[in-house]
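Here the structure is laid out as structure tokens; the discussion comes afterwards.
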Amino acid sequence: IKLAGGHQENSLKNRIYIQRANGGIENVVRGRLKRPNAGDTIVVPVEGDPQDFDTASFVADILSVLTNLVAILAIIDNNSDNN
């Protein structure tokens with residue numbers, strides 16, 4: 049972990065695990081990290097920061113989806129009226 053840049057402030061050090069190349073998961077107990085094999089991934093979860101959520105961007109994305117949905121429904125309604 050030190051070679052990869054070390055822990056961040058919000059690292060959850062007690063939840064570190066190894067994602068094995070064969071798909072298995074191995075929990076790290078009390079910081080005792082077993083040597084990873086080729087293809088394994090060491091995962092250090094981080095605690096989410098609620099300030100990372102951008103409300104304006106979220107609302108813009110939702111409005112875009114709703115606008116597209118209304119346009120699709122209008123096209124379907126228009127085509128059903130013509131038949």
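In my numbering, the protein residues as written are 49 to 131. Even glycine gets a Cβ: it sits at the ideal position worked out from N, Cα and C. As the structure is a prediction and not an experimental result, all values here were calculated from the model.
Could you name the residues of the same chain whose beta carbon sits closer than 8 Å to that of residue i, not counting the 5 residues immediately before and after it, in chain order?
i, result
"P84", "I66 and I90"
"N55", "The sequence given here has His at residue 55, not Asn. These residues qualify, in order along the chain: I49, K61 and V92."
"G73", "The amino acid occupying residue 73 in the given sequence is Ile; Gly does not appear at that position. Only Y65, I66 and Q67 meet the Cβ criterion."
Report, in whole angstroms, the separation of the C-beta atoms of residue i and residue j, which I expect to be a contact under 8 Å.
i, j, result
"V113", "N58", "In fact, because the Cβ distance is near 31 Å, the residues do not count as touching under 8 Å."
"A108", "D88", "In fact, because the Cβ distance is near 40 Å, the residues do not count as touching under 8 Å."
When every heavy atom of the ligand FMN is checked, does at least one fall within less than 6 Å of the C-beta of residue i?
i, result
"L81", "You won't find the ligand FMN in this model; it holds no ligand whatsoever."
Please report how far the alpha carbon of residue i lies from the alpha carbon of residue j, in whole angstroms.
i, j, result
"I124", "L111", "20 Å"
"R216", "A52", "As shown, the chain starts at 49 and ends at 131. That puts residue 216 outside it, with no answer to give."
"R80", "A86", "19 Å"
"A122", "F101", "33 Å"
Could you name the residues of the same chain whose beta carbon sits closer than 6 Å to that of residue i, not counting the 5 residues immediately before and after it, in chain order?
i, result
"S128", "none"
So, for residue i: in the same chain, excluding its five sequence neighbours on each side, which residues have a beta-carbon less than 7 Å away from its beta-carbon?
i, result
"N75", "Y65"
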